[in-house]
Amino acid sequence: MTTEERLQDVKRLFLDSAPVIYAVEENLQYLPIVREIFERIENGLLIGVTSPVTLAECLVRPYRLEQINLQQQYMELFFNTENIIFEPIINSSIALDAAQIRAKYNLQLPDAFQIAVALAASCEAFLTNDVVFKRITELQVLLLEDINAI
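Just so we're on the same page, my numbering is the position in the sequence shown counted from 1, plus 104.
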């Protein structure tokens, strides 16, 4: 199924860490797909939503390797890209939702927070490359490996 077909009814798309890393670091295997998705976001066809968990996960390697330029690229994407919303996770409602999601699906806590934030932000879909999220039934989970670029 093409990106366009997968995203047909999606207005708000939660961006998990992998697609963001693949886009910024230009992963050759997934670059055509993530580039197409980010172009849709930049053109206003989609609203991208992300969280502090995504930001933290994306920055681990650039911090570890002291890659200042890569750190800045991530910061630019998260905070200065039109149509990408950075949702905080610091409220009791999201914490309670994350606990319930973790209990229901046996996810790691950061993953449960990702789903809780996506739901709180009214996302119709969750873009990832982590198969653990396929268990989630509350919103559509899109794996990059299942999407074909146009």
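Note that beta-carbon positions come from the ideal geometry of N, C-alpha and C, so glycine has one too.
Going straight from the alpha carbon of residue i to that of residue j, what length do you get?
i      : j      : result
Gln171 : Glu129 : 12 Å
Leu231 : Val153 : 10 Å
Arg168 : Leu248 : 26 Å
Arg206 : Asn233 : 19 Å
Ser155 : Val124 : 12 Å
Met179 : Thr241 : 31 Å
Glu146 : Leu181 : 11 Å
Ala256 : Arg165 : In this structure the chain extends from 105 to 254, so residue 256 is not present and cannot be described.
Arg116 : Gln244 : 11 Å
Ile151 : Gln176 : 22 Å
Suppose contacts are defined by Cβ-Cβ distances below 8 Å. Is residue i in contact with residue j by that definition?
i      : j      : result
Tyr126 : Val114 : no
Val236 : Leu211 : yes
Gly148 : Asn187 : yes
Between residue i and the rest of its own chain, which residues show a CB-CB distance below 8 Å, the 5 nearest in sequence each way excluded?
i      : result
Phe183 : Phe190
Ile198 : Phe217, Ala220, Val221 and Ala224
Taking the alpha helix (DSSP H) that residue i falls in, what are its first and last residues?
i      : result
Leu223 : Leu213 to Ala224
Thr158 : Pro156 to Arg168
Thr255 : Absent from the model: residue 255. The displayed extent of the chain is 105 to 254, so no value can be given.
Leu135 : Leu135 to Glu146
Leu150 : Careful: Leu150 lies outside any alpha helix (DSSP H) and carries neither H nor E.
Within a Cβ cutoff of 6 Å, which residues of the same chain sit near residue i, ignoring the five residues on either side of it in sequence?
i      : result
Val157 : Pro214, Phe217 and Gln218
Leu246 : Arg110, Ala229 and Leu231
Phe94  : With the chain represented from 105 up to 254, any question about residue 94 goes unanswered, as that position is not in the structure.
Leu83  : With the chain covering only 105 through 254, there is no way to say anything about residue 83.
Asp201 : Ala220
Would you give the residue range spanned by the beta strand (DSSP E) that residue i belongs to?
i      : result
Phe230 : Ala229 to Thr232
Arg116 : Arg116 to Leu119
Phe190 : Ile188 to Phe190
So, for residue i: in the same chain, excluding its five sequence neighbours on each side, which residues have a beta-carbon less than 7 Å away from its beta-carbon?
i      : result
Asp120 : Thr158, Gln218, Phe230, Leu231, Thr232 and Asp234
Glu161 : Ser121
Asn173 : none
Gln204 : none
Open item on the list: Closer than 8 Å is the cut-off here; do at least three beta carbon pairs connect the segment 189-206 with the segment 217-226?
Closed with: yes
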